[in-house]
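One structure below.
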Amino acid sequence: MSSPGLLTILPLVLLLSGFHQVEGQCKTFKNYYILGRVESTPVTEVKCDHNDTCTYVSMDIPALAVGSFSGCSGDVHMRLVVHVLSRRRDVRDSIERFLKKNDMSLGFPKFSRLQKYGDQLHTFDTISGPAKIFLHFHQQGQDYIYPAVRFEGPTLNATSVKCTVDGHVKKDCYEGFCSMAEFASVSKDGKSQVSKKIQACPNDLYEELYLLSKGITPSNFSQALLNDLTSVAHTCTQKSTHTYLSKSGLSTYYWHVDCFVPTHHSGSSHTTQFVFHTPHPYFSFPIYKDDEW
């Protein structure tokens, strides 16, 4: 699932590359892991545009990307925006909120303000957990030999797995594990029960959970459940299985998440029947019978 609004985040490429320097060279490399794939190249020197500054990025974004890359700012920032931020809307939105808080925006960058945020470890809230990004800027022709922050990711690709999506279709998930979440709550008007089941590759699950939790995807779920969808995502990040029932009258809700490597997964670990009766007279959870795993 691709994140909407990619064109709105491309100005970040300019946002991070507006510092004028004399023409020279920057050392370039990439060594990071993203959605189950390793991106790695050796350190080389490249000639940069005179408007570029040498830029180093190290990141640790749960269930998305971990590692570092460096080079001419135009190339680095295109990679950061297109290859990383565009993969998940929650990550992009969180960084956009940071820029707005500091009187910047993706659409209207203020170049002179960004450099003072270098050499700091920035933490952003995402649906899968706290994301950390470190930026360093230096002049062309200079070296940055000992980075203050260097996140290390896996050195080998994950083994892709075939997962059930949309209830019956098998799809290759390159993250190396499958994900399923089901949840239910009393409707917003308190007159009925609403439920949903998602079977998807993990990155698509995070995207759906985020869009629901923020109301970007309209739903009739109670706010109590929507507020707790981050717990569903955090559990999946740990490749765990968990069931949770909150009994609180009209705010009662339930969720179950199962994120697993199929070869290590026993069908019996996914409960095939859920029946929870709450104090509410018309609220009970449906019975799920799913042997499609």
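Per my numbering: the sequence shown = residues 2 to 294.
Glycine included, each C-beta is placed from N, C-alpha and C at the ideal position.
Practice problem: Please name the residue or residues paired with residue 138 in a DSSP beta bridge. | Solution: For residue 138, DSSP records a beta bridge to 56.
Quiz item: Run through DSSP, which three-state label would residue 316 get?
Solution: This structure cannot speak to residue 316, because the chain is shown only from 2 to 294.
Quiz prompt | Coarse secondary structure for residue 243, derived from DSSP in three states | solution = Residue 243: strand per DSSP, three-state reduction.
Exercise. Buried or exposed for residue 153, please, with buried defined as at least 16 other CB atoms from any protein chain shown within 10 angstroms of its CB.
Key: exposed
Quiz item: If you drop the 5 nearest sequence neighbours on each side, which residues of the same chain put their C-beta closer than 7 angstroms to that of residue 230?
Solution: 210, 213 and 214
Quiz prompt | Spatially closest choice to residue 190 from 208, 120 and 220, by CA coordinates | solution = 220
Practice problem: Count the other C-beta atoms from every protein chain shown that fall within 10 angstroms of the C-beta of residue 147, then say buried if there are 16 or more, exposed otherwise. | Solution: Residue 147 is classed as exposed because its beta carbon has fewer than 16 other beta carbons within 10 Å across all chains shown.
Quiz item: Across which residues does DSSP place residue 181 in a beta bridge pair?
Solution: Looking at the DSSP assignment, residue 181 forms a beta bridge with 200 and 259.
Quiz prompt | Within 9 angstroms, strictly: CB atoms of residue 122 and residue 56 | solution = Against a cut-off of 9 angstroms, the Cβ pair of residue 56 and residue 122 comes out as no contact.
Exercise. Look at the alpha carbon of residue 227 and the alpha carbon of residue 263, and state the distance between them as a whole number of angstroms.
Key: 28 angstroms
Practice problem: Using only alpha-carbon positions, find the residue among 128, 97, 149 and 92 that is nearest to residue 119. | Solution: 149
Quiz prompt | Buried or exposed by the 16-neighbour rule on C-beta atoms within 10 Å, applied to residue 233 | solution = buried
Quiz prompt | Endpoints, beta strand (DSSP E) assigned at residue 123 | solution = 121 to 125
Quiz item: Is DSSP giving residue 35 helix, strand or coil here?
Solution: strand
Practice problem: Report the rounded CA-to-CA distance for residue 269 versus residue 180, giving the unit in angstroms. | Solution: Model confidence at residue 269 stands at a pLDDT of 37, short of 50, so the residue's coordinates are unreliable and nothing is read from them.
Quiz item: Whose CA, out of 39, 259, 27 and 194, lies closest to the CA of residue 222?
Solution: 194
Quiz prompt | the region 196 to 208 touching the region 66 to 73, judged by at least three CB pairs closer than 8 angstroms | solution = no
Quiz item: With DSSP run on the structure shown, which of helix, strand or coil describes residue 143?
Solution: coil
Practice problem: Please work out which residues of its chain come closer than 7 angstroms, Cβ to Cβ, to residue 96, disregarding the five sequence neighbours upstream and downstream, and give them in chain order. | Solution: 86 and 125
Practice problem: Could you tell me which residues DSSP pairs with residue 27 in its beta bridges? | Solution: DSSP output for residue 27 lists 47 as bridge partner(s).
Quiz item: residue 87 lies in the alpha helix (DSSP H); which residues open and close that run?
Solution: No alpha helix (DSSP H) holds residue 87; DSSP gives it neither H nor E.
Quiz item: Would the beta-carbon of residue 247 fall within 9 angstroms of that of residue 187?
Solution: Residue 187 sits away from residue 247, with the two beta carbons spaced by 9 angstroms or more.
Quiz item: Since residue 173 is in the beta strand (DSSP E), which residue starts that stretch and which ends it?
Solution: For residue 173, the uninterrupted beta strand (DSSP E) run begins and ends at 170 to 174, by DSSP.
Exercise. Check each candidate in 172, 64, 142 and 98 and name the one with the smallest Cα separation from residue 35.
Key: Among 172, 64, 142 and 98, the Cα nearest to that of residue 35 belongs to 64.
Quiz prompt | 8 angstroms Cβ shell around residue 241 - same chain, five flanking residues per side excluded | solution = 258 and 260
Quiz item: Which residues mark the beginning and the end of the alpha helix (DSSP H) in which residue 77 is found?
Solution: 74 to 79
Quiz item: Thinking C-alpha only, which one of 255, 238 and 237 is nearest residue 245?
Solution: 255
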